[in-house]
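**Q** Below you'll find the structure I mean.
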Amino acid sequence: MSDYYDSKDLKKFGKIGEFESDGSPLADKFFDWYETVFQAGALTPREKGLIALAVSHAVQCPYCIDAYTVGCLEKGADEAQMMEAVHVAAAIKGGAALVHGVQMMNKTKKLSM
Amino acid sequence: MIRSLKKRAHELAETTSQIKILNGEPFSTGELPTFREKIESVGHFPLKPTAIEIFQVNVGYMCNQVCKHCHVDAGPDRKEIMTRQTMQQCLDVIRQGDVHTLDLTGGAPEMNPDFRWFVAQAKAAGVEEIIVRSNLTILRANKKYYDMPPFFAEHGVHVVSSLPYYKAGKTDSQRGDGVFDASVKALQELNATGYGKPGTGLELDLVYNPTGAFLPPDQTSLENEFKTNLERDFGIAFNRLFTITNIPVSRFLEYLIASDNYEDYMHKLVNAFNPAAVKGVMCRNTISIGWDGYMYDCDFNQMLDMKVDRKAGGQHISEFNFDLLNQRDILVSQHCFGCTAGAGSSCQGTVV
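Shown next, in the form of structure tokens:
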């Protein structure tokens, strides 16, 4: 195996239960829940798609980024909305790193005269 | 402005080349089931008509636009045009049967010199519904078309027009620079004539199709969004929005291949196959007539030169036989997955 990521593998996600010993009860439960999560509720499917797109970037999953880029387009989101969602993810990721600077500052202050 | 596949002598201008691609990988390798196999598995093969109720007549491939996704490969360089004689043959057949709708398409149907004659004759013949699939920009392209909205209104024409988005960027990227602004002006003209306004009885519907290799959004929510945005930004009203899936034929097929999206798109269509959509596909109650009078199960089969089954009494309008055509086997291929994906797709939008 020469590559860690292959875009064709995304199509195999539905068969993730293949190695389960008795059918695929765990995978089936996951996909049932997954499908329900994205149905219209207090949030619209488009809002959920944009959240999923942002999270995909935060967890840096290339499969998820591909899947939710398509998903957002198919829910009628436009490029500007999708880019803003990515910036939200980036802001949280950046903020999460930066806020740890407080710990660094606390430690430095404790160690310093 | 891009040129048609035919003008460029592109390989895909040959329908045999397109069919070869649609029958090739990933279907020939068994990676994906063929459309025939798929509908066989749900008990719908051979696909049969309900009854012919809609005559969809393609009056010519000439168009003032060259949209990137056009399944007709239409454009200013296409000269194929229906003659008045063939239109008359269509009218003669319509008078014989239970056809309630005449659906005129192209190209830009308004560019056919006998277009007004055809509409007037159909109206006089008592056709219940006359649909014109207008690209909108033709209504503002030349002074000779400026009086088309009142002509439509006088004849009670139902106008159905493509507008892929309520903003300029996506619309122009698919249909050409300046198309959005011209479409907005045309829609305002149609509104001023009464189209899309409550109580006038003049129907104005819009058609959304995706601006790329993805499926359309939910029709109802997108219609609400279009109505809100077009009313707020341009004061435009319309009746319904139809969402239509792009079918992998002609220039959309060219785009899919050139952008390396073909295989993923076919996977998407097959994975989204909805057995419930099969019952409502438009080929079951529609017959498509080409500019030269040949008959097809739908406008997409027309562009692949898949004429109706020979056993249906003949393939030309001059040989039209309602009984045999209503019993024919509808010809299918892999492009048909476009009409059965998700909520389904037809010239009237979703089918489920």
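First to last, the sequence lines map onto chains S and D.
Using numbering that gives the first Met the number 0, the first residue of the first sequence is number 0, and each one after it goes up by one.
Using numbering that gives the first Met the number 0, the first residue of the second sequence is number 0, and each one after it goes up by one.
All C-beta atoms, glycine included, are put in the ideal place defined by N, C-alpha and C.
Here the structure is a predicted model, which means the values were calculated and not measured.
(1) Counting contacts by CB-CB distance shorter than 7 Å, is D/L323 in contact with chain S?
(2) So for D/V269, helix, strand or coil by DSSP?
(3) What is the rounded straight-line gap between the Cα of D/S133 and the Cα of D/D176?
(4) Please decide whether D/L214 counts as near chain S, where near means a Cβ-Cβ distance under 7 Å.
(5) Chain D beta carbons: is any one of them nearer than 7 Å to that of S/V69?
(6) Would you check if the distance between the CB atom of D/N141 and the CB atom of D/G59 is smaller than 7 Å?
(7) Determine, using beta carbons only, whether D/L221 comes closer than 7 Å to chain S.
(8) Assign D/A236 to one of three DSSP states: helix, strand, or coil.
(9) How about S/K47: is its C-beta nearer than 7 Å to some C-beta of chain D?
(10) What's the C-alpha gap between D/A124 and D/T100?
(11) Determine the closest residue to D/L135 out of D/V158, D/A152, D/F150, with distance taken between C-alpha atoms.
(12) Can you tell me the Cα-Cα spacing of D/I316 and D/G292, whole angstroms?
(13) Taking only the alpha-carbon atoms, compute the straight-line gap between D/F26 and S/K92 and give it to the nearest angstrom.
(14) Under 7 Å between C-beta atoms, does S/L72 make it to chain D?
(15) Looking at D/F237 and D/N245, is the spacing between their C-beta atoms short of 7 Å?
(16) By the DSSP assignment, the beta strand (DSSP E) with D/S160 in it spans what residues?
(17) If you draw a straight line from the alpha carbon of D/E224 to that of D/V178, how long is it in whole angstroms?
(18) Compare the C-alpha of D/L240 against each of D/S344, D/C282, D/I256, D/R174 and name the closest.
(19) Could you check what DSSP says for D/L101 in three-state terms: helix, strand or coil?
(20) Whose C-alpha, out of D/Q55, D/K47, D/F114, is nearest the C-alpha of D/T82?
(21) Give me the residue from S/Y3, S/K28, S/M112, S/M81 with the minimum Cα distance to S/R45.
(22) Can you tell me where the alpha helix (DSSP H) holding D/E13 begins and where it ends?
(23) Ignore the nearest five residues each way along the sequence and tell me which others in D/G74's own chain have a CB closer than 6 Å to its CB.
(24) According to a CB-to-CB cut-off of less than 7 Å, which residues of the stretch 67 to 90 of chain D neighbour chain S?
(25) Output yes or no for whether 7 Å exceeds the beta carbon distance between D/A271 and D/G211.
(26) Please list, in chain order, the residues of the stretch 257 to 268 of chain D that have any C-beta partner in chain S closer than 7 Å.
(27) State yes or no: is the beta carbon of S/G16 nearer than 7 Å to at least one beta carbon in chain D?
(28) Taking all protein chains shown into account, decide if D/D91 is buried (16 or more other Cβ within 10 angstroms of its Cβ) or exposed.
(29) Could you tell me which of D/P148, D/F213, D/P215 sits nearest to D/L186, measuring between CA atoms?
(30) DSSP state of D/Q55, grouped into three classes?
(31) Applying the criterion that 16 or more other CB atoms from any shown protein chain within 10 Å of the CB defines a buried residue, is D/A191 buried or exposed?
(32) Relative to the C-alpha of D/G96, which candidate in D/Y264, D/F117, D/V126 has its C-alpha closest?
(33) Which residues in the same chain have their Cβ closer than 8 Å to the Cβ of D/L324, if we skip the five residues on either side of it in sequence?
(34) D/T349 to S/D8, Cα distance in whole Å?
(35) Starting from D/S287, trace the alpha helix (DSSP H) both ways and give me its first and last residue.
(36) State the Cα-Cα distance for the pair D/V41 and D/R35, rounded to the nearest angstrom.
**A** Here's the rundown:
(1) no
(2) helix
(3) 18 Å
(4) yes
(5) yes
(6) no
(7) yes
(8) coil
(9) no
(10) 12 Å
(11) D/V158
(12) 5 Å
(13) 43 Å
(14) yes
(15) no
(16) 157 to 161
(17) 20 Å
(18) D/S344
(19) strand
(20) D/F114
(21) S/M81
(22) From DSSP, D/E13 is part of no alpha helix (DSSP H); its letter is neither H nor E.
(23) S3, C62, V65
(24) none
(25) no
(26) H266
(27) no
(28) exposed
(29) D/P148
(30) strand
(31) exposed
(32) D/V126
(33) P48, I51, I286, M294, V307, A311, G312
(34) 31 Å
(35) Looking at the DSSP string, D/S287 is not in any alpha helix (DSSP H); the run it does join, the beta strand (DSSP E), is 285 to 288.
(36) 10 Å
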